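For reference, the structure is listed below as structure tokens.
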Ligand SMILES: [Zn+2]
Ligand SMILES: [Zn+2]
């Protein structure tokens, strides 16, 4: 089966993935999505619930969650995920272009951090080029961590950009998922992944504006004295 470990819905302000459409697309493409909205737990009847949690030291994803994690201290947030029996997944950890990527917070080599990590995202379709993915792959290998992939889809057309191919597993059981993921990693790490267009990042910015105001308003240009001087 195909598993996309990183999908957003309209519950993230930077996404316009309506939940009903997402459900239709996932079933059409045979993809099981892990739903990871920013700082929100979106429960659906078709995906595995997760959350992309922003902390004081960058963002990580908690998977198989029952409750939203609100802590902003990274270690406290990680522990809250573990207390629920959830898994810790590192999204785009080496993508310096994104402000909340872990590589910007000098934490990836912290011992206490590393021992809490379950899975590293070694392919994320929203990276501008493949370098951050290569670095994530090396990091996972060096640290003997499990590897996963995600489309990080914020829009319907991004779905299908990345997924793992794993054996069927019990969707309520994170340990079962770890088992099939281990098998996948050992047997040649089967996944599909392609980079999307950088335009998707711009669309996210636009989407934030739409979600905030309820409609798309292009800001009016205001002229002031200084601007006129330069005209
Ligand atoms: Zn986002
Ligand atoms: Zn994301």
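Numbering (this note's numbering), first residue to last: 36 to 266.
For every residue, glycine included, the Cβ atom is placed at its ideal position computed from N, Cα and C.
All figures in this text were calculated on a predicted structure; none of them were measured in a lab.
Could you check whether the Cβ of residue i sits closer than 6 angstroms to any heavy atom belonging to ligand 2?
i	result
residue 87	yes
residue 164	no
residue 130	no
residue 39	no
residue 187	yes
Quick check: what's the CA-CA separation for residue i versus residue j?
i	j	result
residue 97	residue 140	19 angstroms
residue 157	residue 81	24 angstroms
residue 266	residue 52	Legend: pLDDT at residue 266 = 41, less than 50; position of this residue unreliable, no value from coordinates given.
residue 180	residue 154	6 angstroms
residue 117	residue 200	25 angstroms
residue 46	residue 121	21 angstroms
residue 253	residue 238	Confidence at residue 253 is low in this model, with a pLDDT of 49, below 50, so its placement is unreliable and the value that follows should be read with caution. Roughly 14 angstroms separates the two Cα atoms.
residue 89	residue 221	31 angstroms
residue 57	residue 111	32 angstroms
residue 195	residue 226	11 angstroms
Run through DSSP, which three-state label would residue i get?
i	result
residue 71	strand
residue 37	strand
residue 47	coil
residue 62	helix
residue 269	Not covered by the structure: residue 269. The range shown for the chain is 36 to 266.
residue 54	helix
residue 264	Bear in mind that a pLDDT of 46 at residue 264, under 50, signals an unreliable position, so the model cannot answer this.
residue 142	coil
residue 42	strand
Which residues bound the alpha helix (DSSP H) around residue i?
i	result
residue 234	234-248
residue 200	Per DSSP, residue 200 belongs to no alpha helix (DSSP H); it is in the beta strand (DSSP E), 197-200.
Span of the beta strand (DSSP E) holding residue i?
i	result
residue 180	Premise fails: residue 180 is in no beta strand (DSSP E) and is neither H nor E.
residue 155	154-159
residue 84	83-90
residue 94	93-98
residue 125	122-125
residue 228	226-228
Under 7 angstroms, CB to nearest heavy atom of ligand 1: contacting residues | The chain-ordered list of residues whose CB is nearer than 7 angstroms to some heavy atom of ligand 1 reads 43, 47, 49, 50, 73, 189 and 239.
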